[in-house]
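Protein chains: 2
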Amino acid sequence: MQHFTKEAIDELASRYKNNLINSISGYKSANLIGTKSNAGSCNLAIFNSVVHLGSNPALLGFILRPTTVPRHSYQNMKESGVFTINHIAKNQIEAAHHTSAKYPEGISEFEQSGLIEEYKNDFFAPFVKLAPVQIACSYVNDYLIEENNTLLVVGAIEHLYVKDDMLVEDGWVQLDKGEIVTINGLDGYALPSLLERFPYARPK
Amino acid sequence: MQHFTKEAIDELASRYKNNLINSISGYKSANLIGTKSNAGSCNLAIFNSVVHLGSNPALLGFILRPTTVPRHSYQNMKESGVFTINHIAKNQIEAAHHTSAKYPEGISEFEQSGLIEEYKNDFFAPFVKLAPVQIACSYVNDYLIEENNTLLVVGAIEHLYVKDDMLVEDGWVQLDKGEIVTINGLDGYALPSLLERFPYARPK
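Listed in order, the protein sequences are those of chains A and B.
For the first sequence, position 9 matches number 24 in this note's numbering, and the numbering has no gaps at all.
For the second sequence, position 91 matches number 106 in this note's numbering, and the numbering has no gaps at all.
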């Protein structure tokens, strides 16, 4: 095996280090977060850090990088109080990746990427049309992670839309039926296939 | 699409709700966290919430459920100051899932699951033998998420071991070359295949 010590990692060139450390936490969720400012300008950004926080109440979290550069998504969700989380399917990976390009404020990544805004149930923030899972969230809180000035943003689920054939009778959502992808590092997109679903584990 | 409002979700039966809300954040990382108490008893637990916090310094985080029930992993890492994160490959999913069975304190999930402890570089906490990626971490901090009493635990990477053929020349680690799996919900294990790696996105 290749071995890197902390000291060796610290001394790596920045691009190599970013690739290495971003890929060694394992596969990541692949989501597009949609927001709209109160003035009406939309933002769409790709995130690979959405994490389950709890089911009762239904809470999700995600990590935001330091706010030393403008973060339109964050500004919009704080201002409007809402955002959407949309899963990335195989047929939208190229467009989804393009939302990571740095556009100035006021330019919509929907238009630039070719993804289409969708509005439903009078929810203020835009969904991504054709995303197999769409989640409407309210902004709840954020926590500053002092070690590197990142933020853990906490959102509560207000509406949930799931493509019909992905929902199994016990509430489990089979992600590969929607061709949902997963992210490897910063720029790799992989398509999973279900191997097995195990029963609840009990001591032998 | 199936539509659930917040109110409908709140009223779902507990098992259905757990399945639904645990699967709708998207694919999750599949890791085994290894710890050892100062008295020498080992613990191994499966986690699906490991997330990248930053590359410089190299920091990872993960979510721990409320500490109202004993959490041996958490106790051990606070006491010893260290833990390991080990990726789950296809050939270890059944054993890895079994570590979620509730064994009393003092019983090692290594022995119960058939996974094998490995020690290297004098690191105190046990690695999982044959895991294609093994990460030695020091415990740095934790943050209480007040909305549901979960904890975000922050760890710093001290050593990193990666199977030779997974490491690409620009530092990217190709996870499918190690047959690393991803978790769908609480109990589904899926195997991804790389579709595409995109260049850095720039405005059109």
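All C-beta atoms in this analysis are idealised placements derived from N, C-alpha and C, irrespective of residue type, glycine included.
Can you give the Cα-Cα distance for Phe77 (chain B) and Tyr158 (chain B), rounded to whole angstroms? For this step, residue 77 (chain B) is matched to residue 62 along the second sequence. For this step, residue 158 (chain B) is matched to residue 143 along the second sequence. So the two alpha carbons sit approximately 11 Å from each other.
Helix, strand or coil for Gly121 (chain B)? Go by DSSP, reduced to three states. Locating residue 121 (chain B) in the second sequence gives position 106, counting from the first residue. Three-state result, Gly121 (chain B): coil.
Hey, is Pro141 (chain A)'s beta-carbon within less than 8 Å of any beta-carbon in chain B? Residue mapping note: residue 141 (chain A) aligns to position 126 of the first sequence, counting from 1. Answer no: the Cβ-Cβ gap between Pro141 (chain A) and chain B never drops below 8 Å.
Under a Cβ-count criterion, where at least 16 other Cβ atoms within 10 Å of its own Cβ denotes burial, should Asp25 (chain B) be classed as buried or exposed? Here residue 25 (chain B) refers to the residue found at position 10 when the second sequence is read from its first residue. Exposed, because fewer than 16 other Cβ atoms sit within 10 Å of the Cβ of Asp25 (chain B).
For Ser128 (chain B), which residues of its own chain have a beta-carbon under 6 Å away from its beta-carbon, when the five flanking residues on both sides are left out? On the second sequence, residue 128 (chain B) is found 113 positions in, with the first residue counted as 1. Cβ contact annotation for Ser128 (chain B) (same chain, cutoff 6 Å, sequence separation greater than five): Ala110, His113 and Thr114, in chain order.
Could you tell me which chain B residues have their CB closer than 9 Å to the CB of Tyr176 (chain A), listed as they occur along the chain? By one-based count along the first sequence, residue 176 (chain A) stands at place 161. Ordered by position in chain B, the residues that pass the 9 Å Cβ test against Tyr176 (chain A) are Met16, Gln17, His18 and Phe19.
Through-space distance from Val155 (chain B) to Val66 (chain B), alpha-carbon basis: Against the second sequence, residue 66 (chain B) aligns to sequence position 51. Against the second sequence, residue 155 (chain B) aligns to sequence position 140. Taking the straight line from one Cα to the other gives about 15 Å.
Can you tell which of A:Gln149, A:Ile198, A:Ile103 and A:Ala205 has the C-alpha that lies nearest to the C-alpha of His18 (chain B)? Indexing the second sequence from 1 puts residue 18 (chain B) at position 3. The residue with the shortest Cα to Cα distance from His18 (chain B) is A:Gln149.
So what does DSSP say about Glu211 (chain B), is it helix, strand or coil? Numbered from 1 along the second sequence, position 196 holds the residue referred to as residue 211 (chain B). Strand, per DSSP.
Rounded to whole angstroms, what's the CA-CA distance from Phe125 (chain B) to Pro147 (chain A)? Just pull it up for me. Locating residue 125 (chain B) in the second sequence gives position 110, where the first residue counts as 1. Locating residue 147 (chain A) in the first sequence gives position 132, where the first residue counts as 1. Cα to Cα, Phe125 (chain B) sits roughly 38 Å from Pro147 (chain A).
Which ranges would you report for the beta strand (DSSP E) in the stretch 76 to 103 of chain A if only whole runs of at least 3 residues count? 97 to 102
Throw me the rounded Cβ distance for the Leu89 (chain B) and Pro218 (chain A) pair, which I believe falls under 8 Å. Numbered from 1 along the second sequence, position 74 holds the residue referred to as residue 89 (chain B). Numbered from 1 along the first sequence, position 203 holds the residue referred to as residue 218 (chain A). Checking the displayed sequence, the identity of residue 89 (chain B) turns out to be Tyr instead of Leu. Not confirmed; about 20 Å, so no contact.
Nearest residue (CA-CA) to Phe139 (chain A), options A:Gly193, A:Asn53, A:Leu130 and A:Arg80: Against the first sequence, residue 139 (chain A) aligns to sequence position 124. Minimum Cα distance to Phe139 (chain A) is reached at A:Asn53.
Reducing DSSP to helix, strand and coil, say where Asp185 (chain A) ends up. Here residue 185 (chain A) is taken as the residue at index 170 of the first sequence, counted from 1. Three-state result, Asp185 (chain A): coil.
Quick one: is Thr99 (chain A) near chain B, going by C-beta distance under 8 Å? As a first step, residue 99 (chain A) is located in the first sequence; it is residue number 84 there, counting from the start. No, Thr99 (chain A) lies away from the interface with chain B (no Cβ there is under 8 Å from its Cβ).
Of all the options A:Val169, A:Asn91 and A:Ser44, which has the alpha carbon lying nearest to the alpha carbon of Ser123 (chain A)? For the purposes of this step, residue 123 (chain A) is taken as the residue at position 108 of the first sequence. Of the candidates A:Val169, A:Asn91 and A:Ser44, the one whose C-alpha sits nearest the C-alpha of Ser123 (chain A) is A:Asn91.
Is the shortest distance between the beta-carbon of His87 (chain A) and the beta-carbons of chain B less than 8 Å? Taking the first sequence and counting its residues from 1, one reaches residue 87 (chain A) at position 72. No, no contact with chain B.
Taking the straight line between their C-alpha atoms, what separation do you get for Val177 (chain B) and Ala23 (chain B)? Here residue 177 (chain B) refers to the residue found at position 162 of the second sequence. Here residue 23 (chain B) refers to the residue found at position 8 of the second sequence. Val177 (chain B) and Ala23 (chain B): Cα-Cα distance of roughly 45 Å.
So Lys32 (chain A) contacts chain B; which residues on that side make the cut at Cβ distance below 7 Å? Counting from 1 along the first sequence, the entry for residue 32 (chain A) is found at position 17. Those within 7 Å of Lys32 (chain A) in chain B are Ser70, Asn71 and Gly186.
Run down chain A in chain order and give the residues with a C-beta less than 9 Å from the C-beta of Gly193 (chain B). Start at 1 with the first residue of the second sequence, and residue 193 (chain B) comes out as number 178. In chain order: nothing, as chain A lies at least about 10 Å away.
Below 8 Å on C-beta distance, what does Ala116 (chain A) contact in chain B? Mapped onto the first sequence, residue 116 (chain A) falls at position 101. Near Ala116 (chain A) (Cβ distances below 8 Å), the residues of chain B are Ala216, Arg217, Pro218 and Lys219.
Compile a chain-ordered list of the residues in the stretch 34 to 48 of chain B whose CB is closer than 8 Å to at least one CB of chain A. Asn34, Leu35, Ile36, Asn37, Ser38, Ile39, Ser40, Gly41, Tyr42, Lys43, Ser44, Ala45 and Asn46
Is there a C-beta anywhere in chain B that falls below 8 Å from the one on Ala205 (chain A)? As a position in the first sequence, residue 205 (chain A) is number 190, starting the count at 1. So yes, Ala205 (chain A) belongs to the interface.
Taking all protein chains shown into account, do 16 or more other C-beta atoms lie within 10 angstroms of the C-beta of Pro207 (chain A), making it buried, or fewer, making it exposed? Position 192 of the first sequence, counted from the start, is the residue given in the question as residue 207 (chain A). With 16 or more neighbouring CB atoms inside 10 Å of its own CB, Pro207 (chain A) falls in the buried class.
Residues near Glu211 (chain A) in its chain [Cβ-Cβ closer than 7 Å; skip 5 each side]: Counting from one through the first sequence, the residue named residue 211 (chain A) turns up at place 196. If we look at Glu211 (chain A) and ignore the five residues flanking it on each side, it has no Cβ neighbours.
Candidates A:Lys43, A:Ile61 and A:Leu35: closest to Val143 (chain A) by CA position: Indexing the first sequence from 1 puts residue 143 (chain A) at position 128. Nearest C-alpha to Val143 (chain A): A:Ile61.
Could you pull the DSSP bridge partners for Gln127 (chain A) from this structure? As a working mapping, residue 127 (chain A) is identified with position 112 in the first sequence. Partner(s): none; Gln127 (chain A) has no beta bridge.
Is DSSP giving Glu12 (chain B) helix, strand or coil here? Missing from the structure shown is residue 12 (chain B); chain B here goes from 16 to 219 and no further.
On the three-state DSSP scale, how would you describe Leu145 (chain B)? Taking the second sequence and counting its residues from 1, the one referred to as residue 145 (chain B) is at position 130. Three-state result, Leu145 (chain B): coil.
Output yes if chain B places a C-beta closer than 8 Å to the C-beta of Tyr158 (chain A); else output no. Locating residue 158 (chain A) in the first sequence gives position 143, counting from the first residue. Yes, because at least one Cβ of chain B sits closer than 8 Å to the Cβ of Tyr158 (chain A).
What distance in whole Å lies between the Cβ atoms of Leu130 (chain B) and Leu190 (chain B), which are believed to be in contact at a cut-off of 8 Å? The sequence position of residue 190 (chain B) within the second sequence is 175, counting from 1. The sequence position of residue 130 (chain B) within the second sequence is 115, counting from 1. No, Leu190 (chain B) and Leu130 (chain B) are not in contact; Cβ-Cβ is about 19 Å, not under 8 Å.
Contact check, Ser70 (chain A) vs Ile198 (chain B), beta carbons under 8 Å: Here residue 70 (chain A) refers to the residue found at position 55 when the first sequence is read from its first residue. Here residue 198 (chain B) refers to the residue found at position 183 when the second sequence is read from its first residue. No, they are not a contact pair.
Cβ-based neighbour list, Thr165 (chain B), same chain, cut-off 7 Å, excluding 5 preceding and 5 following: As a working note, residue 165 (chain B) is residue 150 in the second sequence. Answer for Thr165 (chain B): Ile78, Leu79, Arg80 and Pro81, listed in chain order.
Chain B contacts from the stretch 158 to 173 of chain A (Cβ-Cβ distance under 7 Å): The residues in question are Tyr158, Ile160, Glu162, Asn163, Thr165, Leu167, Val169, Ile172 and Glu173.
So is Pro141 (chain A) buried or exposed if we call it buried at 16+ other beta carbons inside 10 Å? As a working note, residue 141 (chain A) is residue 126 in the first sequence. Classification of Pro141 (chain A): buried, given that the 10 Å Cβ count is 16 or more.
Please list the partners that Glu211 (chain A) has in chain B, where partner means a Cβ-to-Cβ separation under 7 Å. One-based indexing of the first sequence puts residue 211 (chain A) at position 196. Result: Ile108 and Tyr204.
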